[in-house]
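Input: a single structure, listed below in structure tokens.
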Amino acid sequence: LPINKIDVISTLQEASSLEEDPDAREFETQGKVLVACCEDGRAALVDLESKETIAEFGSTGGQPVRAAAYDVPNCRIYVGLSDGTVQVWSTNAPNDQPVYSFKRNESAVSAIRLVNPSTGTVPLACIGTEDGQLFLTSLDPFSSHAADNVNVVEELVGFDVDPISQIRVVQSATQGAIRQSVWAAGRDNKVYEF
160 LPINKIDVIS TLQEASSLEE DPDAREFETQ GKVLVACCED GRAALVDLES KETIAEFGST
220 GGQPVRAAAY DVPNCRIYVG LSDGTVQVWS TNAPNDQPVY SFKRNESAVS AIRLVNPSTG
280 TVPLACIGTE DGQLFLTSLD PFSSHAADNV NVVEELVGFD VDPISQIRVV QSATQGAIRQ
340 SVWAAGRDNK VYEF
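Heads up, the sequence shown is in our numbering, so the first residue is 160 and it goes up one at a time.
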């Protein structure tokens, strides 16, 4: 099964009880989850310690998954597809439909990171696309009309139609910042901080 991208997340949970000792070459797999973005249209959560699939989102035969981010505290996984769609799934109900699904244009989503605001518990989703768009969205998790409550709250400009390849999020060094700092890179040999 071709995998387009992976991300490893520390869930800060207790270790699973394994019946056998881990391989001697393994280290620090305890409490870690791998998010695999699959070419066949699924995103999978895999427990690195037990090597068991925890959950799958999407379905085979769907649009290839190009990026994903896991919001552990709010039990959500954000999935970016090759047709530009972003889906948000509840990790408590992987067999249900996405909680949110939105699309800005036809350009493939190439990167997703979650940005913590200085207030509130729901992160902003930073979306990068293959046509060079980089933007922050706000999702209202308590809305009954989810599609109506996806808002672009900030455009991050600097890329000139260059695919966004990486997004990283760090604590802002700016006093009184309203969100974490976003660092992004494309194929133009530049790294931008927003």
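In this text, a Cβ means the ideal position worked out from N, Cα and C, and glycines have one as well.
From a predicted model like this one, the values you see are computed outputs, not experimental measurements.
When burial is assigned at 16 or more other CB atoms within 10 Å of the CB, is residue i buried or exposed?
i    : result
F186 : exposed
V329 : exposed
D182 : exposed
I162 : exposed
Q339 : buried
V247 : buried
A174 : Below a pLDDT of 50, predicted positions are generally treated as unreliable, and A174, at 49, falls in that range; the measurement from the model is reported next regardless. It is exposed - the Cβ of A174 has fewer than 16 other Cβ atoms within 10 Å.
I286 : buried
L171 : Residue placement at L171 is poorly supported in this model, since its pLDDT is 49, which falls under 50; the coordinates still yield a value, given next. It counts as exposed.
P257 : buried
R225 : buried
Kindly indicate which three-state DSSP category residue i falls into: helix, strand or coil?
i    : result
A174 : Since pLDDT at A174 reaches only 49, below the 50 mark, its modelled position is unreliable, and no value is offered.
D206 : strand
T354 : Not covered by the structure: residue 354. The range shown for the chain is 160 to 353.
D199 : coil
A228 : strand
K349 : coil
Compare the C-alpha of residue i against each of the options and name the closest.
i    : options                : result
L283 : Y351, E313, I165       : E313
R201 : L193, S218, A214       : S218
G335 : F318, R346, T278       : T278
K164 : E215, A227, F216       : A227
T280 : C234, A203, R327, S331 : C234
Q189 : C196, N251, D206       : D206
F261 : V238, D255, T250       : V238
L240 : Q222, L193, T250       : Q222
A362 : E352, E211, V341, I326 : There is no way to answer for residue 362, as the model of the chain reaches only from 160 to 353.
Could you tell me the boundaries of the beta strand (DSSP E) in which residue i lies?
i    : result
V341 : 340-345
N310 : 309-314
I162 : 162-169
E211 : 211-217
G190 : Segment: none, G190 is in no beta strand (DSSP E) and carries neither H nor E.
S324 : 323-329
Report, in whole angstroms, the separation of the C-beta atoms of residue i and residue j, which I expect to be a contact under 8 Å.
i    : j    : result
V268 : T288 : 6 Å
I168 : Y229 : 5 Å
V309 : L295 : That belief does not hold up - the Cβ atoms of V309 and L295 are roughly 11 Å apart, past 8 Å.
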